[in-house]
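Asker:
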Ligand SMILES: [Fe+2]
Ligand SMILES: [Fe+2]
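In my numbering, the protein residues as written are -12 to 181.
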């Protein structure tokens, strides 16, 4: 199958668009978290945004390297999510998108790529699906803790670490202000259980 006429080319373009948008949404959410003094959540979201941009780059590069038609534009038709960027709702929505990508979209794109004879691209779709699965787990853990207001407390004593200075205490609730560096609670590391 000639890449230029393949469904895989179109799927790569759709995947690229989806990854760019996920990267943008996570940056919006990171900003929202920071404005709400949730600095560590902001750091997590920025890391996820970085992952999405790396996925976007990989998909983009496949098109650049393989498309001999070089006619520039690729027309795609796809539905993309436009959801509220406030944290309360967006964490859960993002987890659902990640889950859907990892269990439905990317495995399906991988199958098409394999059938069309692009085994490297098929493999990449599956590798990205694995990452999106971890994103889904992290975002869903975060969404639950956020909703239950249990970001900084625990029924059992557990270790809290300041992401700024490394100060550590094992107890049921984190400090309001770090006793070592005075940074606020939002800098306390959040354990997503991975
Ligand atoms: Fe991604
Ligand atoms: Fe992701």
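Using N, Cα and C, we set each Cβ at its ideal position, and we do this for glycine too.
Quick caveat: nothing in here was measured; it's all calculated off a predicted structure.
Mind reading off the beta-carbon distance from residue 83 to residue 119? Whole number of angstroms is fine, and I expect it under 8 Å.
Answerer: Going by Cβ atoms, the distance from residue 83 to residue 119 rounds to 11 Å, so no, they are not a contact pair.
Asker: For residue 156, list the residues DSSP reports as bridge partners.
Answerer: 147
Asker: Just how far apart, CA to CA, sit residue 102 and residue 36?
Answerer: Each residue's alpha carbon lies about 31 Å from the other.
Asker: With a CB to CB cut of under 6 Å and the five nearest residues on each side skipped, what residues in its chain are close to residue -12?
Answerer: Counting only Cβ-Cβ distances below 6 Å, and skipping sequence neighbours, we find 103 and 104.
Asker: Among 33, 40 and -4, which residue has its Cα nearest to the Cα of residue 17?
Answerer: 33
Asker: Between which two residues does the alpha helix (DSSP H) carrying residue 180 extend?
Answerer: First-last for residue 180: undefined, no H or E at that position.
Asker: Using DSSP bridges, identify the partner residues of residue 171.
Answerer: 164
Asker: Bridge partners of residue 120, per DSSP?
Answerer: For residue 120, which the question treats as bridged, DSSP gives no partner whatsoever.
Asker: Are residue -9 and residue 56 touching if we call contact CB-CB under 7 Å?
Answerer: yes
Asker: Give the range of the alpha helix (DSSP H) segment to which residue 10 is assigned.
Answerer: That run of the alpha helix (DSSP H) goes -6 to 22.
Asker: Tell me the DSSP secondary structure of residue 140 in three-state form.
Answerer: strand
Asker: Taking 6 Å as the cut-off, does the CB of residue 85 come closer than this to any heavy atom belonging to ligand 2?
Answerer: yes
Asker: With distances taken from CA atoms, which of 154, 158 and -2 is nearest residue 169?
Answerer: Looking at the Cα atoms, 154 is the closest of the given residues.
Asker: For residue 88, which residues from the same chain have a beta carbon less than 6 Å from its beta carbon, with the 5 sequence-adjacent residues on both sides left out?
Answerer: 119
Asker: Who sits around ligand 1, taking every residue whose Cβ is closer than 5 Å to one of its heavy atoms?
Answerer: 6, 39 and 42
Asker: For residue 83, which three-state DSSP category applies?
Answerer: helix
Asker: Rounding to the nearest angstrom, what Cα-Cα distance links residue 25 and residue 6 in this structure?
Answerer: 24 Å
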